[in-house]
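Only one structure is covered here, and it is reproduced in the block below.
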Amino acid sequence: MTKATASLLYSEDHEWVLQLGGNRVRIGISDYAQDQLGDIVFVENAEMDDKVTANETMGTIESVKTASELYSPVSGTVVGVNDSLGDAPETINEQPYEAGWLIEVEMSNPEELEALLSEDEYKEFVSEGDV
Amino acid sequence: MVEYNELIFEISRPGRIGSSLPESDVDKIDLYDKLPKHLIRDVQAELPEVSELQLVRHYTALSNKNHGIDNGFYPLGSCTMKYNPKINEDVARFEGFSRIHPYQPEETVQGALQLLHELQEELAEITGMDAVTLQPSAGAQGEWTGLMMVKAYLEQKGETRTKVLVPDSAHGTNPASATVAGFKTVTIPSNENGLVDLEELKKHVDHDTAALMLTNPNTLGLFEKDIVEIAKVVHEAGGLLYYDGANANAILGKTTPGKMGFDIVHLNLHKTFTTPHGGGGPGAGPVGVKKKLIPYLPVPRVEKDGEKYVLNSDHPRSIGRVKGYYGNFGILVRAYTYIRTMGPEGLRQVSESAVLHANYLRKKLEPYFEAPYSQVCKHEFVLSGSKQKKLGVRTLDMAKRLLDFGYHPPTIYFPLNVEECLMIEPTETESKETLDAFAEVMIQIAKEVENNPGVVLEAPHTTVIGRLDEVQAARQPILRYTKEKAAEREVVKS
Amino acid sequence: MTATYRYLPDTKQDQEEMLSFLGISSTDELFEDIPPEIRLKGELNIPAAIPEPQLLKKMHELASQNKNANQYPTFLGAGTYDHYIPSVVNHMISRSEFYTAYTPYQPEISQGELQAIFEFQTMVCELTGMDVANSSMYDGFTSLAEAASLAVASTKRSKVLISKAVHPESRAIINPVSAGQGYTVEEVDLAADVTDLVKLQEQIDQDTAAVIVQYPNFFGSIEDLAEMKKTTEANGALFIVSANPLALALLQAPGKLGADIVIGDMQPLGIPMSFGGPHCGYFAVHKKFMRKIPGRIVGQTKDEQGKRGFVLTLQAREQHIRRDKATSNICSNQALNALASSVCMTALGKQGVRHMAQLNIEKADYMAKRLQEKGFMIMNQSPFFNEFVVELPRPVKEVNAKLLEAGMIGGFDLGSDYGFDNQMLIAVTEQRTKEEIDQFVEVLEASVNG
Numbered sequence: 001m002t003k004a005t006a007s008l009l010y011s012e013d014h015e016w017v018l019q020l021g022g023n024r025v026r027i028g029i030s031d032y033a034q035d036q037l038g039d040i041v042f043v044e045n046a047e048m049d050d051k052v053t054a055n056e057t058m059g060t061i062e063s064v065k066t067a068s069e070l071y072s073p074v075s076g077t078v079v080g081v082n083d084s085l086g087d088a089p090e091t092i093n094e095q096p097y098e099a100g101w102l103i104e105v106e107m108s109n110p111e112e113l114e115a116l117l118s119e120d121e122y123k124e125f126v127s128e129g130d131v
Numbered sequence: 001m002v003e004y005n006e007l008i009f010e011i012s013r014p015g016r017i018g019s020s021l022p023e024s025d026v027d028k029i030d031l032y033d034k035l036p037k038h039l040i041r042d043v044q045a046e047l048p049e050v051s052e053l054q055l056v057r058h059y060t061a062l063s064n065k066n067h068g069i070d071n072g073f074y075p076l077g078s079c080t081m082k083y084n085p086k087i088n089e090d091v092a093r094f095e096g097f098s099r100i101h102p103y104q105p106e107e108t109v110q111g112a113l114q115l116l117h118e119l120q121e122e123l124a125e126i127t128g129m130d131a132v133t134l135q136p137s138a139g140a141q142g143e144w145t146g147l148m149m150v151k152a153y154l155e156q157k158g159e160t161r162t163k164v165l166v167p168d169s170a171h172g173t174n175p176a177s178a179t180v181a182g183f184k185t186v187t188i189p190s191n192e193n194g195l196v197d198l199e200e201l202k203k204h205v206d207h208d209t210a211a212l213m214l215t216n217p218n219t220l221g222l223f224e225k226d227i228v229e230i231a232k233v234v235h236e237a238g239g240l241l242y243y244d245g246a247n248a249n250a251i252l253g254k255t256t257p258g259k260m261g262f263d264i265v266h267l268n269l270h271k272t273f274t275t276p277h278g279g280g281g282p283g284a285g286p287v288g289v290k291k292k293l294i295p296y297l298p299v300p301r302v303e304k305d306g307e308k309y310v311l312n313s314d315h316p317r318s319i320g321r322v323k324g325y326y327g328n329f330g331i332l333v334r335a336y337t338y339i340r341t342m343g344p345e346g347l348r349q350v351s352e353s354a355v356l357h358a359n360y361l362r363k364k365l366e367p368y369f370e371a372p373y374s375q376v377c378k379h380e381f382v383l384s385g386s387k388q389k390k391l392g393v394r395t396l397d398m399a400k401r402l403l404d405f406g407y408h409p410p411t412i413y414f415p416l417n418v419e420e421c422l423m424i425e426p427t428e429t430e431s432k433e434t435l436d437a438f439a440e441v442m443i444q445i446a447k448e449v450e451n452n453p454g455v456v457l458e459a460p461h462t463t464v465i466g467r468l469d470e471v472q473a474a475r476q477p478i479l480r481y482t483k484e485k486a487a488e489r490e491v492v493k494s
Numbered sequence: 001m002t003a004t005y006r007y008l009p010d011t012k013q014d015q016e017e018m019l020s021f022l023g024i025s026s027t028d029e030l031f032e033d034i035p036p037e038i039r040l041k042g043e044l045n046i047p048a049a050i051p052e053p054q055l056l057k058k059m060h061e062l063a064s065q066n067k068n069a070n071q072y073p074t075f076l077g078a079g080t081y082d083h084y085i086p087s088v089v090n091h092m093i094s095r096s097e098f099y100t101a102y103t104p105y106q107p108e109i110s111q112g113e114l115q116a117i118f119e120f121q122t123m124v125c126e127l128t129g130m131d132v133a134n135s136s137m138y139d140g141f142t143s144l145a146e147a148a149s150l151a152v153a154s155t156k157r158s159k160v161l162i163s164k165a166v167h168p169e170s171r172a173i174i175n176p177v178s179a180g181q182g183y184t185v186e187e188v189d190l191a192a193d194v195t196d197l198v199k200l201q202e203q204i205d206q207d208t209a210a211v212i213v214q215y216p217n218f219f220g221s222i223e224d225l226a227e228m229k230k231t232t233e234a235n236g237a238l239f240i241v242s243a244n245p246l247a248l249a250l251l252q253a254p255g256k257l258g259a260d261i262v263i264g265d266m267q268p269l270g271i272p273m274s275f276g277g278p279h280c281g282y283f284a285v286h287k288k289f290m291r292k293i294p295g296r297i298v299g300q301t302k303d304e305q306g307k308r309g310f311v312l313t314l315q316a317r318e319q320h321i322r323r324d325k326a327t328s329n330i331c332s333n334q335a336l337n338a339l340a341s342s343v344c345m346t347a348l349g350k351q352g353v354r355h356m357a358q359l360n361i362e363k364a365d366y367m368a369k370r371l372q373e374k375g376f377m378i379m380n381q382s383p384f385f386n387e388f389v390v391e392l393p394r395p396v397k398e399v400n401a402k403l404l405e406a407g408m409i410g411g412f413d414l415g416s417d418y419g420f421d422n423q424m425l426i427a428v429t430e431q432r433t434k435e436e437i438d439q440f441v442e443v444l445e446a447s448v449n450g
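Residue numbers (full-length UniProt numbering), protein chains in the order written: chain A, 1 to 131; chain B, 1 to 494; chain C, 1 to 450.
In structure tokens, the structure reads:
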């Protein structure tokens, strides 16, 4: 288990967003999400320069048990991709908030961040169960 | 005994052969005279080179690492692993059935067409439908075929409906088939008795509902008692009712989907009608329909014209072809032979015995496992491993422990709405002694979970191989033999 | 109920013991949850049970009403062929450990089936020249439709081009599939006996997900895949090749000619014709589509002791897990027929498969030459494998009737599917002897005059 950093924002689809300065953000999945998925075996990540839209599919993630859609928490252009996940998808299980990040996006509509959950709100959302 | 772990490629030696073909009795051809060079194979396909006896030993060794119904009890819920009669195998191999070509003139295949026609009629009678197509190769293809007919039927009426309702306990194929047929799936939750929640259903049924897909008895092995009311609700809204025949082994000669109010049915001949599962196929998934859907059945249809049997493609409203030729004929021959063996009283007794066996086993096991739906079941029932989970042993572990006793485990973790689910279907072809012996082993395992959980957690102990690393298999897939990967294995060996 | 049916073991005493354990007096009580108004009152109206000896006799009689290829040498092909099947094939697939097993979901007691499939996947990869093959599909026709669906899903384009020289049933089956999934299918016309490359150029565009061709095509002609690949690649579409696996023993592997997906039917290698089924579709892809391949696939892994073993893998996208998000609803394969095909390929072996293919090409070539000598027109302008088209002076149906009188099954009538009246598609496999071929030619010759 790794600890989340306090400055992260979360979506109800279990993605976290880290603001890197300017309109640039880094996106990954939460510790809760990786735990629910179990051993992750493959990530079909977005590619450089792809356009992503808030709440729409930006890729898929597969564990032995299941394949899930990844939903982008924000809209914008992909400016960074974590290529190391290709050979080592287990990094997401091991370090979901650090080395297991997915993509970096240059946001086209930073106001979308306001719709996301804070750390405490997300904790509460997860503990309500049935998510 | 020395364990045999070779791949066929690893025992291959250049120059060996396991068959004999004649030399050519016509003029030889040099491919380079006939074909442009770039279309001639440059690197030969590396197929095995072994003698006939080596081949036989290899596949015999492989078969010895496999468990089938003939090896032992196989209570795999929802799969109806009943005995696969030997006469069926012999008959399907008669040259008059196995060595006929699908495009032979109709007058040269009257026996085959007669068989298909009679089977259509008998399956229609068994399901209470008005007509049957034998084309679909499997249940999933049958579902899809049925839904495409729903679509065509609605289109003909000038309606476009987009929703297919599926209970949460349904087989995964139901929503998948609906999606592939271009519908949107809406999941209907079950009530606390494990049945379709009528009030929930009413909330979702509307003018956009194309069909409700239902298995009855459902995947919990429970009969949907409100079926007549359910059918009424769906029909009044202009929707159709689709019967998933996976569990038809419970109702033969007792009731029919037709009587229940269904409009479309598929059967799995590899479940109810004893055709072998073959390690994953081939099966067959015939589809029956009520009169109003007959025009949409796939073509060609096998029909009788006077004394002659014919293939007729002249049905303009048909959804077209869903499968090459006329379906999995060899499988249909087996099912026909089985129905002839049993007759009407026999088929009724099949369901009576199947249901008796399931209830007997259920009552024997209920004191030891959580029974989420403790009521009369049909041909199968579910238990929950939730009690054992609290002691640190999962259903998967108990399933693996069963392997040590020579049993194939029940279906596990399905249906999804039961925690740590075990789904047990004993079938009618097992003797009471087998049921008693299995119950004793299950009870022993339940006791082991309490007293000696390690033996369950580390199971299986007696199989040729232990639990396999499925994560590694999916992360770095090795999906074919190569010499390089074989070299890796040598390292492991030493 | 007493044990009067050999598949039902319950004696009266067994039944009474079980009923009394349940505290009931009759099995009827177990069916009381079925509302009375929908219960069947009498027995099903189907024929009565028949004891085994009489049933065997009856089934023999029914079978004997069909003219089989053993009695009537057949010159029909068109997707299903009469080939030599080594005796050993039937013996191996009759091992009931294989045929009475379910899908290998419990790998510890299914290593035999899993390894056999892994070997099958390898053989398919070898023949097609592709990186990855699945454990098999229903048949070649449905494999083709699944390949089109994969192409549409992965390119996110909505048009599929299919050559008219692809089997008519493949082109028929893709229609309801495309209707369900919302993509369009356009046929590419013929230039004589092969796909018209000029038309292909005209029809292909940036919305084309895939180009589908057959190799050898429906008329037996060997399409130039290299040329088609250029056009396909230039437009970013996937190249799907439906191939006869026996022909691939001699023809360049589609994988080497740029195919993205190769599909087809293993029937020519070890599977009886059986009036059209069950056969065995195969499905092979370039490695970039490895995780998009439909159906079941077996992978190699290790157990806790490091011992090699096999499991079903890449299952996360299968219908039982993805449910309504699945891109295919297939949940079975043709495992037993894939096994038959593996055993057949093993028995024939690396040399035997080539020898068999060579016999086919030589015999077809011999027959075509004989017909030409007699003045018949062979319609194929491209080289062909074991099938070719001959033009007759009268309807195919009439000629086939003459052939039947002479004890042979004639070829496929191209009239109804293509409008090629009086043109017969003839298949000549290694099963046909020179004498049979000569006799066939004689009947055709006589039919011109008679």
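Don't be surprised by glycine CBs; every beta carbon is placed ideally from N, CA and C.
Amino acids of chain B, ordered along the chain, whose beta-carbon sits closer than 9 Å to that of residue i
| i | result |
| --- | --- |
| C/Arg157 | Correct list: empty, because the minimum Cβ distance to chain B is about 18 Å. |
| C/Leu76 | His101, Pro102, Tyr103, Gln104 |
Neighbouring residues, chain C, relative to residue i (Cβ below 9 Å)
| i | result |
| --- | --- |
| A/Asp62 | Going by the sequence as given, residue 62 of chain A is Glu instead of Asp. In chain order: Arg291, Leu314, Ala316, Arg317. |
| B/Lys387 | Under the 9 Å cutoff, chain C gives no residues; its nearest Cβ is about 23 Å from B/Lys387. |
Member of the options whose CA lies at the smallest distance from the CA of residue i
| i | options | result |
| --- | --- | --- |
| C/Arg370 | C/Lys159, C/Gln439, C/Val399, C/Ser416 | C/Gln439 |
| A/Gln95 | A/Met107, A/Asn82, A/Glu106 | A/Asn82 |
| residue 141 of chain A | A/Ile27, A/Leu9, A/Glu12 | Limits of chain A in this structure are 1 at one end and 131 at the other, which puts residue 141 of chain A out of reach. |
| C/Met345 | C/Leu392, C/Phe275, C/Gly77, C/Leu246 | C/Leu246 |
| B/Val186 | B/Asn216, B/Val164, B/Val132 | B/Val164 |
| B/Ala473 | A/Ile40, A/Val52, A/Leu18, A/Met48 | A/Ile40 |
Residue i: first and last residue of the uninterrupted beta strand (DSSP E) it sits in
| i | result |
| --- | --- |
| A/Gly59 | 57-63 |
| B/Asp244 | 240-245 |
| C/Asp265 | 261-265 |
| A/Trp16 | 15-19 |
| C/Lys302 | 298-302 |
Amino acids of chain A, ordered along the chain, whose beta-carbon sits closer than 7 Å to that of residue i
| i | result |
| --- | --- |
| B/Glu470 | Val64 |
Residues that residue i bridges to, as DSSP identifies them
| i | result |
| --- | --- |
| B/Asp305 | B/Lys308 |
| C/Pro86 | C/Pro86 pairs with nothing; no bridge assigned. |
| B/Leu383 | B/Leu422 |
Residue range of the unbroken alpha helix (DSSP H) whose run includes residue i
| i | result |
| --- | --- |
| B/Ile188 | No alpha helix (DSSP H) holds B/Ile188; the beta strand (DSSP E) holding it covers 184-188. |
| A/Asp120 | 119-127 |
| C/Tyr282 | Careful: C/Tyr282 lies outside any alpha helix (DSSP H), inside the beta strand (DSSP E) at 281-285. |
Neighbouring residues, chain C, relative to residue i (Cβ below 7 Å)
| i | result |
| --- | --- |
| B/Ile339 | Ile46 |
| B/Phe73 | Near B/Phe73 there are no residues of chain C at all, since even the closest Cβ is about 12 Å away, more than 7 Å. |
| B/Phe329 | Ser274, Phe275, Gly276, Gly277 |
| A/Ala115 | Under the 7 Å cutoff, chain C gives no residues; its nearest Cβ is about 25 Å from A/Ala115. |
Residues that residue i contacts on chain B, provided the C-beta gap is smaller than 7 Å
| i | result |
| --- | --- |
| C/Met18 | Leu356, Tyr360, Lys432 |
C-beta atoms of residue i and residue j nearer than 8 Å
| i | j | result |
| --- | --- | --- |
| C/Glu97 | B/Ser63 | yes |
| C/Phe289 | C/Asp265 | no |
| C/Thr122 | C/Gly255 | no |
Per-residue contacts from residue i into chain C (C-beta, under 8 Å)
| i | result |
| --- | --- |
| B/Phe381 | Under the 8 Å cutoff, chain C gives no residues; its nearest Cβ is about 12 Å from B/Phe381. |
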